[in-house]
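The numbering used here numbers the first residue of the sequence shown as 51 and each following residue consecutively.
Comments concern the structure below.
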Amino acid sequence: MPQMGESIAEGTVSKWLKALGDTVERDEPILEISTDKVDAEIPAPAAGTLVAIEVQEGETVEVGTIVAFIDPEGGAPDASASVPAAEA
Numbered sequence: 051m052p053q054m055g056e057s058i059a060e061g062t063v064s065k066w067l068k069a070l071g072d073t074v075e076r077d078e079p080i081l082e083i084s085t086d087k088v089d090a091e092i093p094a095p096a097a098g099t100l101v102a103i104e105v106q107e108g109e110t111v112e113v114g115t116i117v118a119f120i121d122p123e124g125g126a127p128d129a130s131a132s133v134p135a136a137e138a
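In structure tokens form, the structure reads like this:
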């Protein structure tokens, strides 16, 4: 989860906008988070295929936590990774 401001230490994944296996473009919104100060869409840091979701909807994580993995080579999702979300 990226830094959202100096005073924000954590956020809750409110909705995945992309699903496991989806192709994403750099800066395309892939999930929504809620903090005590703001709700925001989080963009993909790179283009590729969403191959793992590490944080499910409703989970709260600290800034800097890896929430998903994007394979720039377009690999297949890891079946042993996380359970697919509504849209990741």
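All C-beta atoms in this analysis are idealised placements derived from N, C-alpha and C, irrespective of residue type, glycine included.
Measure the alpha-carbon distance for THR73 versus GLY124 and round it to whole angstroms. The count along the sequence shown starts at 1 and reaches residue 73 at position 23. The count along the sequence shown starts at 1 and reaches residue 124 at position 74. Between THR73 and GLY124, the C-alpha separation is close to 8 Å.
Rounded to whole angstroms, what is the Cα-Cα separation between GLU82 and VAL88? Working through the sequence shown from its first residue, we reach residue 82 at position 32. Working through the sequence shown from its first residue, we reach residue 88 at position 38. Looking at the two C-alpha atoms, the distance is approximately 11 Å.
What is the rounded straight-line gap between the Cα of PRO95 and the Cα of GLU104? For the purposes of this step, residue 95 is taken as residue 45 along the sequence shown, with counting starting at 1. For the purposes of this step, residue 104 is taken as residue 54 along the sequence shown, with counting starting at 1. The straight-line gap from Cα to Cα measures roughly 16 Å.
Apply the 10 Å Cβ neighbour rule to ILE120 and answer buried if 16 or more other Cβ atoms are within range, or exposed otherwise. Translated into the one-based positions of the sequence shown, residue 120 becomes position 70. Classification for ILE120: buried.
Ends of the beta strand (DSSP E) at ASP121? Taking the sequence shown and counting its residues from 1, one reaches residue 121 at position 71. Unbroken beta strand (DSSP E) run through ASP121: 118 to 121.
Over the uninterrupted beta strand (DSSP E) stretch that includes THR99, give me the two end residues. Taking the sequence shown and counting its residues from 1, the one referred to as residue 99 is at position 49. Residues 98 to 103.
Figure out for me which residue from GLU78, PRO79, GLY71 and ASP86 has the closest Cα to the Cα of THR110. Position 60 of the sequence shown holds residue 110. Nearest C-alpha to THR110: ASP86.
Starting from GLU91, follow its DSSP beta bridges and name the residues at the other end. Position 41 of the sequence shown, counting from 1, holds the residue named residue 91. GLU82.
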